[in-house]
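Scroll down for the structure; my scribbles are underneath it.
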Amino acid sequence: ITFHNLAFGDVNINKVVFGSGLAILVVLYTILLPYLYSKSDKVKSFADNWALPIAKLHHVAWYMLGALIALNVPAGKKGELLELVGCWAFLMIFAFPRNAHVFKKPRVSN
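Note that the numbering used here has the sequence shown beginning at 14, numbered continuously upward.
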């Protein structure tokens, strides 16, 4: 018995947590957070202080395009393809964030 297979009646916990919950967090992180980062000094300061990588507009655009393609593939493994697209998008966000200046270490002069 694992959390992944847990169900209460007709409610599958996997679909609630990893389906709906994760989808909501991805939308908040990739769309709402970059918008708030550009509009609010508090959000910008929080993200920079905590070194939270912020997505660029093209990261989100490529992620949406990849998701649309993955969801329209006629194969039965759309979920796995969507996972691949999401992992790739988040790799790009973490490798090349909008706030890359936060991740550069200051040079120490002797």
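C-beta atoms are modelled at their ideal positions from N, C-alpha and C, and glycine is treated no differently.
- In the displayed model, valine 86 falls within coil according to three-state DSSP, outside both helix and strand.
- When DSSP assignments are scanned along the stretch 14 to 68, no uninterrupted stretch of beta strand (DSSP E) that is 3 or more residues long falls wholly within it.
- In this structure, DSSP gives phenylalanine 116 a helical state, which the three-state scheme calls helix.
- Look at phenylalanine 109 here: in three-state DSSP terms it is coil, with no helix or strand label.
- Comparing C-alpha distances from leucine 46 to each of Gly34, Ile26, Leu70, Asp23 shows the shortest one belongs to Leu70.
- Out of Asn62, Ala68, Ile37, the CA that lies nearest to the CA of proline 110 is found in Ala68.
- Separation of glycine 92 and tryptophan 75 (C-alpha to C-alpha, rounded to the nearest whole angstrom) is 17 Å.
- Across the set Trp101, Ala64, Gly22, the C-alpha of Trp101 shows the shortest separation from the C-alpha of alanine 80.
- Here tyrosine 48 is exposed: its Cβ has fewer than 16 other Cβ atoms, across all protein chains shown, within 10 Å.
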